[in-house]
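First residue of the sequence shown: 70, per the working numbering; consecutive thereafter.
Think of the CB as a built atom: it goes at the ideal place given N, C-alpha and C, for glycine as much as any other residue.
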Amino acid sequence: MNPILNQNLFLVKEHIGMFKAANNYDIYSPENNQIIMNCRENNLGFFTKVMRFTDYKRMTPFNIEITTASGEKLISVKRGIAWLRSTVEVFDEKDRLIGTFKQKLLSIGGKFEILDKNEKPIAMLQGKWTGWDFKFTYENKQLAQVNKKWAGIGKEFFTSADNYVLQIEETVAEDSPLRQLILAAVMCIDMVLKE
């Protein structure tokens, strides 16, 4: 696993765009404000692009690739068409399954069960219905949290761009696949729960 994933604080900025079908993000190090990772949804099919401009946007498939700033692949986040709930798969740099996210039905604020590659639960991602706060927990211990960082009302009002701060607790071991799953889950929050 790339050592860049062992950091504990990340700023995720969505690309600004009025009429955009693809979801693209840059991940910054808040310490030096440098881009350290890119998240790109490259190869969108024609029908997926069209559906992204309809009320069915939350149901469309996605395939996001997270790379280092220099282009080295780190993680892939994939989902097919979603009807009632989403199941998202996360793969490492060699396209090996790391784990999955299973959306819980009828949860207030949004909820995902995070499973390892053997379908064993290793964390829960839960949001609050009153805002944009999400926590990763396991056995009543907080592993990480994601908060929305507003970029300014004018910018957010006229675009669909969002910014997030991801903070991973130091108790999550370095080089743990859980770090990859937590980072991948940030993309799922935006695309599955908040679009």
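{"Item": "Please determine, among 129, 233 and 184, the residue with the shortest C-alpha to C-alpha distance to residue 97.", "Value": "233"}
{"Item": "Reducing DSSP to helix, strand and coil, say where residue 109 ends up.", "Value": "strand"}
{"Item": "Output the distance between the C-alpha atoms of residue 187 and residue 130, rounded to the nearest integer angstrom.", "Value": "23 Å"}
{"Item": "Hey, residue 319 and residue 195: beta-carbon distance below 8 Å or not?", "Value": "With the chain running from 70 to 264 in the structure shown, residue 319 is simply not present."}
{"Item": "Of the residues 85, 100 and 161, which one's Cα is nearest the Cα of residue 247?", "Value": "161"}
{"Item": "Applying the criterion that 16 or more other CB atoms from any shown protein chain within 10 Å of the CB defines a buried residue, is residue 165 buried or exposed?", "Value": "exposed"}
{"Item": "Out of 184, 170, 80 and 216, state which residue places its alpha-carbon closest to the alpha-carbon of residue 103.", "Value": "80"}
{"Item": "Indicate whether residue 138 and residue 105 have their beta-carbon atoms separated by less than 8 Å.", "Value": "yes"}
{"Item": "Return the first residue and the last residue of the beta strand (DSSP E) that residue 234 is part of.", "Value": "232-237"}
{"Item": "Grouping DSSP H, G and I as helix and E and B as strand, with all else coil, what is residue 249?", "Value": "helix"}
{"Item": "Use the C-beta contact count for residue 172: other C-beta atoms within 10 angstroms, 16 or more gives buried, fewer gives exposed.", "Value": "buried"}
{"Item": "For the candidate residues 126, 117, 145 and 243, whose alpha-carbon lies nearest to that of residue 135?", "Value": "145"}
{"Item": "Secondary structure at residue 241, three-state DSSP: helix, strand or coil?", "Value": "coil"}
{"Item": "List the residues that DSSP assigns as beta-bridge partners of residue 193.", "Value": "182 and 206"}
{"Item": "With DSSP as the reference, identify every bridge partner of residue 95, one or two as the case may be.", "Value": "82 and 107"}
{"Item": "Do you know how far the Cα of residue 94 is from the Cα of residue 84?", "Value": "6 Å"}
{"Item": "Who are the Cβ neighbours of residue 210 in its own chain at under 6 Å, not counting the five residues just before and after it?", "Value": "none"}
{"Item": "Taking the straight line between their C-alpha atoms, what separation do you get for residue 107 and residue 142?", "Value": "9 Å"}
{"Item": "Would you call residue 215 buried or exposed, if buried means 16 or more other Cβ atoms sit within 10 Å of its Cβ?", "Value": "buried"}
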